[in-house]
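*Asks:* One line per chain: the protein sequences are Y and B, in this order.
Take the first sequence: its letters are residues 10 to 325, numbered as in the working numbering.
Take the second sequence: its letters are residues 142 to 826, numbered as in the working numbering.
Ideal Cβ positions, reconstructed from N, Cα and C, are used throughout, including at glycine.
Got a structure for you, written out below as C-alpha cells; questions coming shortly.
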Amino acid sequence: MTLSTRCRCRNKHQEVLNMAVNREYLDPIFLSKLANMELVARCAVEGFFSGLHPSPFHGFSVEYSDHRQYYPGDELKFVDWKVFGRSDKLYIKRFQQETNTTVYILLDNSKSMSFAGNRSVSKSEYGAYLAAALSYLMLAQGDSTSLVLFAERIQKKIPPRSRRTHLNIILKTLQHNKPGGRTNLASVLHTLAETTNRRGLVILISDLLDDEDSIFKGLSHLKFLRHDVIIFQIMDHQEINLDYEGLIQFEDMESGDKIRTFPQSVKHTYRRRVTEFLDEIEKTAGRSNIDYCFIDTSEPLDRALIAYLARRKRMK
Amino acid sequence: MSFLEWTFLFGSIAIAGPVLAHMLAKPRFRRLPFTMLQFLRSSQTESYSRRRLRDLLLLLLRCAIIVLIALLFARPVLYIKPKPKDIRHIYYLGLDNSTSMSYTDGSSSYFEQMKDSVVEYILSAETNSVFNISSLVSGNWSYGLSKQQALMEVKTLKLSTGSANVDVFLSGIRNSGRTINAADEVSVLLVSDFTPQIFSKFLNVQEPVIADNYRYEMIVSSKPINNASIIRAQVADAAVDGFTINVTVANHSQIRQNRRLTAKIGTYEAESLEVTLPPNQVKIWPVHLESSSISDMQLFAPVELSLSSGDGLGTDDTYYLAVRMPQKRQTNLLLAEAAEDEMFLLDMAMQTLSGRGSDRIIWVRRIKVGDLSTTNLEWADVLVCSGITERLGTMTGEISDFTESGGRIVFFMTGEPAASATNQLWQSKVLPALPKKIIKEQTFPENSPCEKEFSGVGNVAAKAIANYRIDRIPVNGFWECLPQQDSVCLWQYQNGSGFIYFRQLGNGSSILANTSADGSLGSLTKSSVSIALCQYLLGEHNQIRDYSFSCNERIVLPVTDIDFGTGRQKSLLVRDCDGNKKRAVLTDSSLMVLDPGSIGWVKTLTEPELYAGVNLPPDETNMSKPIEQQVHEALNRVFSTGKRDNVTSADIIGTKEQKPAWIILVWIIISLLLLESFVANRLRR
C-alpha cells in the first residue's frame, strides 16, 4: 500500500469519525498544553466518547444493562428483536461491563521517539498521551493494565492491575518519563513474552525503527503465547515526508551518524523507501494477524482509540 | 581550422578560475537531529553521486564556455573543401569600347566585330558560368551575370569617347577575385584593337592578375590601316588682324593621306587648305584666322578644325580649340608731374608699351600736378603722380572718388612730400603706405615680387622685369614707409624695405612706388626695365590664349579678369559636349567642369560665353597595327595562370574555401549558457 493510498484510507476513516467525534480534546497539540497526564487521559477518552453515537463500545459484559434506540451504523446483532416484534421499533440491548483481560502497553522510550519535527509534540509525547488515554479507557472498563517502557531493554515495567487507582501510577510514570537509549525492540518483546504468564492484549506503541525481521520475530513470540497484539506505529510528519530545504546535516539521534545532503534532491527516493518500509510492516503485521495502526503525530488520538476498541471487541 | 588572432587562445587559462572555485567551495549547512538515517543514506548514496555528476558537468560547462569565448576572440577560420558540383566557371570579360574601336575598314567596325566575337564566346561557355563584364572606357563592371544577361549586356554595349582604362579593369578582377571560391575556375577574356595607347598601359601594369586561364583577342583589320587625325592645335602667333593656329596632323596609317583641313569659327568657315601626308608621318600646318570674323565683344572664339572625310575613323578628324581673344582696351593715362619733364621717360615707356601690344591702346596726357582738376580725373583711367604735392592734398576727395569708381593712382616718390597732403591722402586711405623719413643709403630692388600671382598687377611683366635684372639697378635712398593695414607690399628692396605698395580701393586701386628723391625714378625709367615696369604697374596684359582639353580630364578655365555680373556666383550653368546642362564650379580664379562628356564644346549658358574644346587624347586613334608577339608577351606578364596555390599575396585564393567559424561558436556558447543555467538551477533543488 502506497503512502497516498494509506492517506486516502485514513481520510475515509476520518470522515466517518468527523461526523460524530468532538475532536478538540483529541488534538495532540491541545493535549500537550495540559500539564496533568490524568487530565490528558481523561480529556482524550471522554472527548472521544462524548462525540460518539450510542454504540457497542459502551461495554462488553454479558449482563443486561438497558436499551437504547437503534441508530444506523449499530450492529444488527445487538438489536433486540423481541422488542422489535412487540413495538415495531428497533432497540439495542446494552450490557454491564465486565473485566477479564490483561493489557500490556509497551511504550518505546528510545531516543528516536523524542523527534518532534516541525510540530511541538514529539513522538514520545504522543505515545505517552496515547498510552495514558488507553490506560484510562482500559481501567475504566476494568481491564488489568500494565505499562512497559523500553529502549534497548525494558526500562520500566508497571505490573498489571485493574484498580482505578492504578491509573495514577501509570500516568505519573508517563509524565516523568524521558526518552533515551537506542531501540532494541526484538529483545524487549522476547523478554516480555518470557516474563508474562497470562495471555492478554499487547499494545506496542513505537516508531519501529529497528530491524523489521527481528521485531516480527518478537511479535510472533507473543502471538505464539496467544497474546493479541496491536501495533501503533507513531511517525512524525517530517519523518515521512522530509519537507526540508537547503543543505542539512542530518544527525542520527541514537547512533550519532551524520549525513549531509540536500533534502529536496533525495526527497523522492526517501519517501519511496519509507513507503516501502511502512507497507512491508503493514503486510507483515497482516500476515501475522496483528492489528497495525499507523499514526502520524499530527493526527488526533481517536484513530488509535478506535483501533483499540475494535480489537478489544473482537476479543469478546 | 586556423586562428586570425591566436593570442586570444591564452584566454583559455581563465578556466583555472571555476576549477579552483569548484575545488575550494565549501557549502554552508545546518545541523538537524533525525531518526531515519538508514533511509536517508540509501537515498542519498544515489543522489550524492548524481550531484557530483552534476557538479562536474557544471564545471565542465563553465570551462567549455570560457574556452569557447577565448576561441571566439581568436577568430577561428574553417577551411572547407568545396564539393565538385559547387565549382563555377567565372568569366571576366574586358571589352574595349574606346573611340579607336569605331574604326572601319569598309566592312563592319572593330566594335561590331568585337561584339560578334564575344557573343560567340559567351554562347560556347558552360551553363553554370558566371559572367562579369567591364567596358574598358568607363571601367564599370556588371557582376554576376548569367549567360542570357551577359549576351544582353554585350548587345547593349555602346562605344564611348575616350581611352580604355586598363587599371580599373584589372583592379576590378583583383577585387572580385577576393570573394570567389578557391575551386572556381576563373577565366579572363580581353578583346581590344590593342592600339599603341592601350598596349602601353598593359606594359605599365606592375601587379599581375591571377587567373586560371586568360584569352585575348586582337581586333585588327586585314587591310592596310587608313586613318589620319588632328592630334594637336595651338595658337602660335597673334597680330592685330588675327592669329595663327599650328595644327598637328598625324598619319599613323599605311596609306598616304590627301585631305583638306578646314578651320571654322562658329559657323563661319575661316580657312581651308590641302593636307598631304605620307604614311607614318606627323606634320604641322599653320592656319591663319582673321580677327574680323570675331566680334569685338566676344571673349572666346570656338575654332573647329577638321579634316575632310576619307579614312576609316571620322571621330578624330575634328579638333576643338577655344581661343581666348585679347580684349581691345583703351587706357587713358594721366601723368601729373611735379617738375618739368620729370616724367618724360615714363611717358616714353608708356608710349612704347601702347604701340607694342594689340590688346591695349594707351593714350597718355602729361600735365603739371598743379593743373590737376576734376575734368582730368574724369578722363583718366590711370593717374601717375611724381611726388605728393599740396594740390593732391586739396583734391583728396576727388582722388578718392576716382579710385572708388575704378581708377588707379600711382605715386612715385621723387622729392620731399607735402606733409599735409600726405596726411590727408593717408587718412583717406588713398595712400597705401605713409612715407615717414628718407633713408639715404644705396640698395637694390629684389629681382622678383613678393606676391607672384597677385591680381591687379602685371604678373607676366614681373617675369620680364626679372629678366632685365632689376636687382642690379641701384637706388640711392628710399623712404621708410608705414603701410596701411590692408595694403600689400608687392615688391621689396634687398634690405627688406618696401619698394611697391598696393591697396585696393573700391573698384580701383592705389600704388606707391617707393623711389627716392635722388633720381631713382629716372634710374628705373631710363633702364631697360622701364616698359616692363610700366606694364606691371598698369596691370595684366591680356594675351591671346587657347583652351583645349582631353576628354578624360577636367576642364579648368582661368577667369580672373572676367566679370560675371553682379557678385561672384558659386556655380554656372554650362552645356557639355553631349549637350547636357551641368553646373560648373566657379571660384575667384577659375571655372571648373568635372566631367566634360565626350568630345566637342563645353560652353557656358550665361554671359559672357566661355568655351573649352574637348578632344580625344593624342594617341587614342593611333591605329598602328599591334605586333602580336609583343601583345602576347605583355599579357603573359599581366595575367598569371596556374599559380593560385603558390602565391601568397592577398589576391591569392586558397585551394579551400575559408569560412569564419564565429557564428557556430556563438550558437554553441549561447546553448551552453542556457544549459549551464539549467543545470545550476537543478543543482540548487
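With a threshold of 8 Å between beta carbons, is residue 191/Y in contact with chain B?
*Replies:* Output row for residue 191/Y: interface = no.
*Asks:* In angstroms, rounded to a whole number, what distance separates the CA positions of residue 266/B and residue 326/B?
*Replies:* Using only the alpha carbons, I get a separation of about 12 Å.
*Asks:* Does the count of Cβ pairs from the region 481 to 494 of chain B and the region 538 to 546 of chain B closer than 8 Å reach three?
*Replies:* These segments do not touch.
*Asks:* Apart from the five residues on each side of it in sequence, which residues of its chain come closer than 6 Å, Cβ to Cβ, to residue 260/Y?
*Replies:* These residues qualify, in order along the chain: 267.
*Asks:* Starting from the beta carbon of residue 131/Y, find every residue of chain B whose beta carbon is closer than 8 Å, and list them in chain order.
*Replies:* The premise fails here: residue 131/Y is roughly 11 Å from chain B at the closest Cβ pair, so nothing lies under 8 Å.
*Asks:* Taking the beta carbon of residue 313/B as the centre, do at least 16 other beta carbons fall within 10 Å, making it buried, or is it exposed?
*Replies:* Burial call: buried.
*Asks:* Is the CB of residue 217/Y under 8 Å away from at least one CB in chain B?
*Replies:* Judged by the 8 Å Cβ criterion, residue 217/Y is not in contact with chain B.
*Asks:* Measure from the alpha carbon of residue 245/Y to the alpha carbon of each residue in 304/Y, 276/Y and 110/Y, then state which is nearest.
*Replies:* That would be 304/Y, whose Cα lies nearest to the Cα of residue 245/Y.
*Asks:* Taking 8 Å as the cut-off, does the region 684 to 693 of chain B touch the region 548 to 567 of chain B (at least 3 CB pairs, one atom from each stretch)?
*Replies:* Not touching, per the Cβ criterion.
*Asks:* Pick out whichever of 203/B, 481/B, 172/B and 159/B has its Cα sitting closest to the Cα of residue 818/B.
*Replies:* The shortest C-alpha separation from residue 818/B is found at 203/B.
*Asks:* Rounded to whole angstroms, what is the Cα-Cα separation between residue 457/B and residue 679/B?
*Replies:* About 43 Å.
*Asks:* According to DSSP, which residues form a beta bridge with residue 453/B?
*Replies:* Answer is none; residue 453/B lacks a bridge partner.
*Asks:* Within 8 Å (strictly less), CB to CB, does residue 284/Y reach chain B?
*Replies:* Output row for residue 284/Y: interface = no.
*Asks:* Establish whether the CB of residue 174/B and some CB of chain Y are separated by less than 8 Å.
*Replies:* Yes - at least one Cβ of chain Y is within 8 Å of the one on residue 174/B.
*Asks:* Thinking residue 346/B and residue 311/B are a contact (beta carbons under 8 Å), I'd like their distance in whole angstroms, please.
*Replies:* So it is a contact: roughly 6 Å between Cβ atoms.
*Asks:* Helix or strand or just coil, what does DSSP make of residue 553/B?
*Replies:* It is a strand residue.
*Asks:* What residues from the region 291 to 311 of chain Y come within 7 Å of chain B, judged by C-beta to C-beta, listed N to C?
*Replies:* Flagged: no residues at all.
*Asks:* Under DSSP, the alpha helix (DSSP H) around residue 246/Y begins and ends at which residues?
*Replies:* First-last of the alpha helix (DSSP H) with residue 246/Y: 246 to 250.
*Asks:* My output table needs one value for residue 262/Y: the three-state DSSP class, helix, strand or coil.
*Replies:* Here residue 262/Y sits in coil by DSSP.
*Asks:* Could you confirm whether any beta carbon from chain B is found closer than 8 Å to the beta carbon of residue 255/Y?
*Replies:* Taking Cβ atoms only, chain B reaches closer than 8 Å to residue 255/Y, which makes this a yes.
*Asks:* Check whether the Cβ atoms of residue 611/B and residue 670/B lie closer than 8 Å to each other.
*Replies:* Result yes, Cβ atoms of residue 611/B and residue 670/B sit closer than 8 Å.
*Asks:* Under three-state DSSP, which class holds residue 238/B?
*Replies:* Here residue 238/B sits in coil by DSSP.
*Asks:* So residue 283/B and residue 269/B are in contact, right, with Cβ under 8 Å, and what is the actual spacing, rounded?
*Replies:* In fact, because the Cβ distance is near 18 Å, the residues do not count as touching under 8 Å.
*Asks:* Please report the straight-line C-alpha distance between residue 216/B and residue 194/B, rounded to a whole angstrom.
*Replies:* Taking the straight line joining both Cα atoms gives about 32 Å.
*Asks:* Say whether chain Y places a C-beta atom closer than 8 Å to the C-beta of residue 819/B.
*Replies:* Not closer than 8 Å to any Cβ of chain Y, the Cβ of residue 819/B fails to qualify, so no.
*Asks:* Do you know whose CA, among 340/B, 219/B, 246/B and 243/B, lies nearest residue 774/B's CA?
*Replies:* That would be 340/B, whose Cα lies nearest to the Cα of residue 774/B.
*Asks:* In chain order, which continuous runs of the beta strand (DSSP E) of length 3 or greater are located wholly inside the region 758 to 785 of chain B?
*Replies:* The region 758 to 785 of chain B contains these whole beta strand (DSSP E) runs: 780 to 782.
*Asks:* Quick check on residue 220/B: buried or exposed, where buried means 16 or more other Cβ atoms within 10 Å of its Cβ?
*Replies:* Residue 220/B should be labelled exposed.
*Asks:* When the cut-off is 8 Å and only beta carbons count, does residue 275/Y lie next to chain B?
*Replies:* At least one chain B Cβ lies under 8 Å of residue 275/Y.
*Asks:* Consider the Cβ of residue 147/Y: report whether some Cβ of chain B lies at a distance smaller than 8 Å.
*Replies:* Not one chain B Cβ lies under 8 Å of residue 147/Y.
*Asks:* In angstroms with no decimal places, state the Cα-to-Cα distance between residue 146/B and residue 214/B.
*Replies:* Residue 146/B and residue 214/B: Cα-Cα distance of roughly 7 Å.
*Asks:* So with CB distances below 7 Å, who are the chain Y contacts of residue 182/B?
*Replies:* Per Cβ cutoff of 7 Å: 268.
*Asks:* From this set, 121/Y, 129/Y and 318/Y, which residue's C-alpha is nearest residue 216/Y's C-alpha?
*Replies:* Out of 121/Y, 129/Y and 318/Y, 121/Y has the C-alpha closest to the C-alpha of residue 216/Y.
*Asks:* In this structure, how does DSSP classify residue 258/B when only helix, strand and coil are distinguished?
*Replies:* Looking at residue 258/B - three-state DSSP - the assignment turns out to be helix.
*Asks:* Using CA coordinates, which residue listed in 276/Y, 249/Y and 263/Y is at the minimum distance from residue 284/Y?
*Replies:* Checking every option, the nearest Cα to that of residue 284/Y belongs to 249/Y.
*Asks:* Could you name each continuous alpha helix (DSSP H) segment of 4 residues or more that falls completely within the region 258 to 305 of chain B, going from the start of the chain to the end?
*Replies:* Those alpha helix (DSSP H) runs which fall completely within the region 258 to 305 of chain B and span 4+ residues are 288 to 297.
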